[in-house]
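Q:
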Amino acid sequence: MANLLGDENVRKSEAAVLAIVGGISVFSIKIAAYIISNSIALLSDAAESVTNVAAAALLLFSVRLSGKPPDASHPYGHQKIEEITRLLEGVMITAIAAALLQAASQRLLNPTYPSYIEIAIPVSIVASALNAAIALILLKKSRSEWSPALEGGAKHLFSDVFSSAGVWVGLLLVKATGYAVIDPILAIIVSALVARAGILLVVKSSRYLMDPACALTEARIKEILSRHKQSFVSYHELKTRRSGDKVFSELHLIIHGSVSVKDAHDLADRIESEVRREMPYVNLTIHIEPPEDLDPRSDREAQDDQDDPGGRLL
Numbered sequence: 001m002a003n004l005l006g007d008e009n010v011r012k013s014e015a016a017v018l019a020i021v022g023g024i025s026v027f028s029i030k031i032a033a034y035i036i037s038n039s040i041a042l043l044s045d046a047a048e049s050v051t052n053v054a055a056a057a058l059l060l061f062s063v064r065l066s067g068k069p070p071d072a073s074h075p076y077g078h079q080k081i082e083e084i085t086r087l088l089e090g091v092m093i094t095a096i097a098a099a100l101l102q103a104a105s106q107r108l109l110n111p112t113y114p115s116y117i118e119i120a121i122p123v124s125i126v127a128s129a130l131n132a133a134i135a136l137i138l139l140k141k142s143r144s145e146w147s148p149a150l151e152g153g154a155k156h157l158f159s160d161v162f163s164s165a166g167v168w169v170g171l172l173l174v175k176a177t178g179y180a181v182i183d184p185i186l187a188i189i190v191s192a193l194v195a196r197a198g199i200l201l202v203v204k205s206s207r208y209l210m211d212p213a214c215a216l217t218e219a220r221i222k223e224i225l226s227r228h229k230q231s232f233v234s235y236h237e238l239k240t241r242r243s244g245d246k247v248f249s250e251l252h253l254i255i256h257g258s259v260s261v262k263d264a265h266d267l268a269d270r271i272e273s274e275v276r277r278e279m280p281y282v283n284l285t286i287h288i289e290p291p292e293d294l295d296p297r298s299d300r301e302a303q304d305d306q307d308d309p310g311g312r313l314l
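If you use the UniProt record's numbering, the sequence shown corresponds to residues 1 to 314, in order.
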């Protein structure tokens, strides 16, 4: 598998498998806490774990597909599947939250006092401790492998831990006060938090799918270009876009008219190689132009002075 997918994607796949196995374990423990207590809030908490397992399965699919090399149908590779997966995860989480909200609303009209709270809460705490451990591993992996899908999974697991903590506090209030209505109110709050997490995933993944520019990467490319400024007239049309864990960039380089085609090509190769060496995730393509093609508004100073639009990434 390592030869087929590459070591990087093998590590991502291993993280996804860990998330699936861990998610099933967490769900099993949480559903046991619900069975013990008959708490609709704990059921909502357990249902959120179902989304974690489904999301991890999507993650495994996405990292394996994104690791495939470019082909005739996908010359830029398959990395964008990670963002599509995160979008699907967001939609799924939001849909489950809506179902939980409906169930909690019905229980609110006919509240039932949870049983064996003193046993159910410790069982749920064990599940959340496992969730937190998996989230930490995924977050570490997402940073080392630069994977938005792993990052999304880790952050969702962390939010699951915090919402579980809220459920424990609420159940303790139920036991202390005897008000059974607190249980469905907690379930409604948890459902709202789950829905918020899903909506945020949809918004963030949609923004990435719209190919926003990568400001930090552009700044580093400009820095590299400045080292070669004596070898060309100027540059313009510097563009970047992110696709999964890759950034594709292009620019137009204005070359002195006296420079031969071979020398211009060699200069472009040197700049591209330097960018690739310092930022392995960047694929830069340079288009050579003669001085007469230079737009007076697109010289190096104009390029450097452009306002940076909001929402640029990397």
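C-beta: ideal position from N, C-alpha, C; glycine also.
Under the three-state reduction of DSSP, which class applies to Ser234: helix, strand or coil?
A: Strand, per DSSP.
Q: One question on the structure: do Lys12 and Ala127 come within less than 8 Å of each other, judged by their Cβ atoms?
A: For Lys12 and Ala127, no; Cβs fall outside 8 Å.
Q: Decide yes or no for the touch test of the stretch 50-66 against the stretch 165-178: beta carbon pairs closer than 8 Å, at least 3 of them.
A: The stretch 50-66 vs the stretch 165-178: no contact.
Q: Pick helix, strand or coil for Asn110, following the three-state DSSP scheme.
A: Asn110 falls in the coil class under three-state DSSP.
Q: If you run the structure through DSSP and keep just helix, strand and coil, what is Arg196?
A: Three-state DSSP puts Arg196 in a helix.
Q: Quick check: what's the CA-CA separation for residue 327 versus Met92?
A: A question about residue 327 goes unanswered here, because the residues of the chain that appear run from 1 up to 314.
Q: Counting only the same chain and skipping the five closest in sequence on each side, list residues whose C-beta sits under 8 Å from that of Ala268.
A: Once the five neighbours on either side are set aside, the close Cβ partners of Ala268 are Leu253, Ile286 and Ile288.
Q: From Ser49, Gly90 and Leu43, pick the residue whose C-alpha is nearest to that of Ser206; which is it?
A: Of Ser49, Gly90 and Leu43, the residue nearest in Cα terms is Gly90.
Q: Please classify Tyr34 as buried or exposed, where buried requires at least 16 neighbouring CB atoms within 10 angstroms.
A: Answer is buried; the Cβ neighbour count reaches 16.
Q: Mind reading off the beta-carbon distance from residue 320 to Pro111? Whole number of angstroms is fine, and I expect it under 8 Å.
A: Outside the modelled stretch of the chain, which goes from 1 to 314, sits residue 320, for which no answer is possible.
Q: Determine the closest residue to Ile221 out of Ala133, Lys239 and Ala57, with distance taken between C-alpha atoms.
A: Taking only the C-alpha atoms, the option nearest Ile221 is Lys239.
Q: Can you give me the Cβ contacts of Ile271 inside the same chain, cut-off strictly under 8 Å, excluding the 5 residues immediately before and after it?
A: Answer for Ile271: Ile224, Leu225, His228, Leu253, Leu284 and Ile286, listed in chain order.
Q: Is it buried or exposed, Gln79, if we count other Cβ atoms within 10 angstroms and call 16 or more buried?
A: The residue is buried, with at least 16 neighbouring Cβ atoms inside 10 Å.
Q: Should Tyr208 be labelled buried (16 or more other beta-carbon atoms within 10 Å of its own) or exposed?
A: Label assigned to Tyr208: buried.
Q: Looking only at DSSP bridge pairs, what is Leu284 linked to?
A: Its beta-bridge partners are Ser249.
Q: May I ask you to report which of helix, strand or coil DSSP gives Lys239?
A: Correct three-state label for Lys239: strand.
Q: Cutting at 6 Å between CB atoms, please list the residues of its own chain near Asp160, excluding the five before and the five after it.
A: Excluding residues within five positions, the ones whose Cβ falls inside 6 Å are Glu48 and Asn131.
Q: Looking at C-alpha atoms only, which residue of Ala32, Ala54 and Thr85 is the closest neighbour of Ala120?
A: Checking every option, the nearest Cα to that of Ala120 belongs to Ala32.
Q: With a 10 Å radius around its C-beta and 16 neighbouring C-beta atoms as the bar for buried, classify residue 316 as buried or exposed.
A: Shown here, the chain extends from 1 to 314; a query on residue 316 therefore has no answer.
Q: Rounded to whole angstroms, what's the CA-CA distance from residue 328 to Asp266? Just pull it up for me.
A: In the structure as shown, the chain starts at 1 and stops at 314, and residue 328 therefore has no counterpart that could be examined.
Q: Reducing DSSP to helix, strand and coil, say where Ile255 ends up.
A: Ile255 falls in the coil class under three-state DSSP.
Q: Check the DSSP bridge columns for Glu289 and list the partner residues they point to.
A: Its beta-bridge partners are Ile254.
Q: For Val17, which residues from the same chain have a beta carbon less than 6 Å from its beta carbon, with the 5 sequence-adjacent residues on both sides left out?
A: Excluding residues within five positions, none has a Cβ falling inside 6 Å.
Q: If you drop the 5 nearest sequence neighbours on each side, which residues of the same chain put their C-beta closer than 6 Å to that of Ser163?
A: Within the same chain, Ser163 has close Cβ partners Val190 and Leu193.
Q: Where Val233 and Ser258 are concerned, what is the direct C-alpha to C-alpha distance, given to the nearest angstrom?
A: Going by the C-alpha atoms only, they are around 11 Å apart.
Q: Alpha carbon to alpha carbon, how far is Arg277 from Arg241? Give it in angstroms, no decimals.
A: Their backbone Cα atoms lie some 19 Å apart in a straight line.
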